[in-house]
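The listed protein sequences correspond, in order, to chains A and B.
Sequential numbering from 567 applies to the first sequence in my numbering.
Sequential numbering from 567 applies to the second sequence in my numbering.
There are 2 protein chains.
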Amino acid sequence: MTTRKGEETKARIVEAALDLFRERGYEETTMRAVAERAGVSQGNAYYYFKGKEYLLQAYYHRMQEDHIEAAQRVLDTETDLHARLLGVLNSKLEVIEPYHRFSGLLFRQAADPKSPLNPFNDQSAEARQEGINMYAQVLEGAKIKIPADIAPHLPGLMWTYSMGIVLFWLHDDSEGRQRTHALAEQTCDLVVKVIKLLSNPLLRPLRKSALRVLESIQVQLKPTPTDP
Amino acid sequence: MTTRKGEETKARIVEAALDLFRERGYEETTMRAVAERAGVSQGNAYYYFKGKEYLLQAYYHRMQEDHIEAAQRVLDTETDLHARLLGVLNSKLEVIEPYHRFSGLLFRQAADPKSPLNPFNDQSAEARQEGINMYAQVLEGAKIKIPADIAPHLPGLMWTYSMGIVLFWLHDDSEGRQRTHALAEQTCDLVVKVIKLLSNPLLRPLRKSALRVLESIQVQLKPTPTDP
DNA sequence: GTCTATAACCGGATAGAC
DNA sequence: GTCTATCCGGTTATAGAC
Numbered sequence: 567m568t569t570r571k572g573e574e575t576k577a578r579i580v581e582a583a584l585d586l587f588r589e590r591g592y593e594e595t596t597m598r599a600v601a602e603r604a605g606v607s608q609g610n611a612y613y614y615f616k617g618k619e620y621l622l623q624a625y626y627h628r629m630q631e632d633h634i635e636a637a638q639r640v641l642d643t644e645t646d647l648h649a650r651l652l653g654v655l656n657s658k659l660e661v662i663e664p665y666h667r668f669s670g671l672l673f674r675q676a677a678d679p680k681s682p683l684n685p686f687n688d689q690s691a692e693a694r695q696e697g698i699n700m701y702a703q704v705l706e707g708a709k710i711k712i713p714a715d716i717a718p719h720l721p722g723l724m725w726t727y728s729m730g731i732v733l734f735w736l737h738d739d740s741e742g743r744q745r746t747h748a749l750a751e752q753t754c755d756l757v758v759k760v761i762k763l764l765s766n767p768l769l770r771p772l773r774k775s776a777l778r779v780l781e782s783i784q785v786q787l788k789p790t791p792t793d794p
Numbered sequence: 567m568t569t570r571k572g573e574e575t576k577a578r579i580v581e582a583a584l585d586l587f588r589e590r591g592y593e594e595t596t597m598r599a600v601a602e603r604a605g606v607s608q609g610n611a612y613y614y615f616k617g618k619e620y621l622l623q624a625y626y627h628r629m630q631e632d633h634i635e636a637a638q639r640v641l642d643t644e645t646d647l648h649a650r651l652l653g654v655l656n657s658k659l660e661v662i663e664p665y666h667r668f669s670g671l672l673f674r675q676a677a678d679p680k681s682p683l684n685p686f687n688d689q690s691a692e693a694r695q696e697g698i699n700m701y702a703q704v705l706e707g708a709k710i711k712i713p714a715d716i717a718p719h720l721p722g723l724m725w726t727y728s729m730g731i732v733l734f735w736l737h738d739d740s741e742g743r744q745r746t747h748a749l750a751e752q753t754c755d756l757v758v759k760v761i762k763l764l765s766n767p768l769l770r771p772l773r774k775s776a777l778r779v780l781e782s783i784q785v786q787l788k789p790t791p792t793d794p
């Protein structure tokens, strides 16, 4: 059980860490400095956070919350699929921009299969689901027909695609991230085209192959719950 | 300039590190232990390797060499595209299997945009090119027609695809990595089908969109050399 | 110049008293 | 829940040997 005071202390530590990360970057921020700014002892900081990387995680969650909020504005107003998708992507890029400097570290951590930040493992199922849901919303609000067989897979695919864009952004040092924005726009086009194309009955065999692939990935991504 | 004795010392350090990594894993291996097993002082190890992660890099390079060798046997014998591609993928999976336990760390490091292991940045251009060349070979030796416009992009795409398979493998804890092998086979199928499909003149507009995307990525992947 | 060793530093993490 | 004291291991400074 955690007390009121505990919550406050924890919040102070997060704030201190986030401030320092933004000021100097992650590596240059010591746990000693975080503790000092939060007004607690170093040891106490470890009472609330198992390690330094867990503070990074706090950062990550905040970004996701901010994105959900920013994307909602787009989803509430746009009705065209292309506009909705691009709007959601752009709001993502906007939200993460301040952290470009060290989000490489986030990715780095996220790449470790054992990391709680890794989008592919079970621990982060909730966060992943939130992300996927967002793209389900993107599709729902759009006036477009989607073949029933691929429909359930599409949000997950789009979410994966959005991670690809973020990966590109990570390496993008162009002025104002123009390259990433250009890529988002072009690929958005492509995605919409492919979705429309997939309805074509001539492509049914290809769609079936693709579906089989998706299903075998799915098993690993969302293991079927073992019944009692 | 480095002397003969220097080379030998360096090799001893790599061997010591690689042995220890395999025995206990990366995190559990201390630089002190590596130095001791190599019969050098801890400080001396740092004369040869800027840091612990550079020893990991040695591991990585060895894996790549092994893969090139293993793949060659496939490329020399098979002529069918599907068989060639699947053969190369399987040889990759075979080579990396002993390191499954900690290759997550490799990926983790590779995900950092500044890391020399990151396949997308300039420092690793050479290693990337080697990988891409392998898939160029896969295509060359196969009896198949490829539309001229996408031909130059295909090896790079296939290399990227192979990294996707490795990423999946990383998270695969199934018996004998059956899931990854199943995925490789299925996606291999799919890739071959898509390549054939892309030749269809009806898909020209889609291909054009895709090409534009590929070109904007390319700029970042291989920046055009500035002329003098 | 190339190589090697010793000693120290620094910061993340932990133990244990209060 | 909070602190102090300590550990541990990656890294660096530096001095000297070949």
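From the three backbone atoms N, C-alpha and C, an ideal C-beta is built for every residue, glycine too.
Since this is a predicted model, take the numbers as computed values, not measurements.
Separation of residue j from residue i, as counted between CA atoms
i         : j         : result
Ala636(A) : Ile783(B) : 27 Å
Arg598(B) : Gln608(B) : 6 Å
Val661(B) : Asn610(A) : 45 Å
His633(B) : Glu706(A) : 45 Å
Arg603(B) : Leu586(B) : 9 Å
Thr645(B) : Leu733(B) : 27 Å
Ile716(A) : Thr568(A) : 45 Å
Lys709(A) : Lys658(B) : 44 Å
His719(B) : Ala583(A) : 44 Å
Gly653(B) : Thr753(A) : 31 Å
Tyr592(B) : His666(B) : 12 Å
Ile731(B) : Glu581(A) : 39 Å
Arg745(B) : His627(B) : 26 Å
Pro721(A) : Val606(A) : 44 Å
Glu751(A) : Arg694(A) : 24 Å
Asn766(A) : Ile712(A) : 10 Å
Arg570(A) : Arg588(B) : 47 Å
Leu763(A) : Tyr614(B) : 55 Å
Asp755(B) : Leu768(A) : 18 Å
Spatially closest choice to residue i from the options, by CA coordinates
i         : options                                       : result
Arg778(A) : Arg628(B), Ala604(B), Leu586(B) and Ala748(B) : Ala748(B)
Ala601(A) : Glu589(A), Glu619(A) and Thr575(A)            : Thr575(A)
Tyr612(B) : Ile579(B), Met724(B) and Thr568(B)            : Ile579(B)
Gln703(A) : Gln638(A), Lys759(A) and Arg674(A)            : Gln638(A)
Gln630(B) : Val760(B), Pro767(B) and Leu683(B)            : Leu683(B)
Phe668(A) : Pro664(B), Lys680(B) and Glu663(B)            : Lys680(B)
Thr596(B) : Leu621(B), Pro664(B) and Lys711(B)            : Leu621(B)
Tyr727(A) : Val757(A), Thr643(A) and Lys571(A)            : Val757(A)
Tyr625(A) : Leu647(A), Pro664(A) and His648(A)            : Pro664(A)
Phe851(A) : Ala714(A), Lys711(A) and Leu723(A)            : The question about residue 851(A) has no answer, for chain A in this structure spans 567 to 794.
Leu772(B) : Ala577(A), Leu769(A), Lys759(A) and Gly617(A) : Lys759(A)
Neighbour flag for residue i against chain B, beta carbons, 9 Å
i         : result
Ile783(A) : yes
His737(A) : yes
Gln675(A) : yes
Ala624(A) : no
Tyr727(A) : no
Pro718(A) : no
Arg778(A) : yes
Residue-chain proximity (residue i, chain A), Cβ-Cβ < 9 Å
i         : result
Thr753(B) : yes
Phe587(B) : no
Arg523(B) : No information on residue 523(B) is available, as it lies outside the stretch 567 to 794 that chain B covers here.
Asp715(B) : no
Arg603(B) : no
Leu763(B) : yes
Pro791(B) : No answer about Pro791(B) holds up, because its pLDDT of 49 lies below 50 and its placement is not dependable.
Asn656(B) : no
Presumed contact (8 Å Cβ cut-off) between residue i and residue j, rounded CB distance
i         : j         : result
Trp735(B) : Gly697(B) : Actually they do not touch by this definition, with Cβ atoms about 16 Å apart.
Asp678(B) : Leu671(A) : 7 Å
Cutoff 7 Å; reference residue i; Cβ partners in own chain excluding five residues on either side
i         : result
Val640(B) : Arg650, Gly653, Val654 and Ser657
Glu690(B) : Glu is not the amino acid found at residue 690(B); the sequence shown has Ser there. Here the set comprises Pro682, Leu683 and Asn684.
Gln675(B) : Glu619, Leu622, Ser681 and Leu683
Cutoff 8 Å; reference residue i; Cβ partners in own chain excluding five residues on either side
i         : result
Asp738(A) : Arg745 and Thr746
Proximal residues to residue i (C-beta, below 6 Å), its chain only, five neighbours per side dropped
i         : result
Glu741(B) : none
Tyr701(A) : Pro721, Met724 and Trp725
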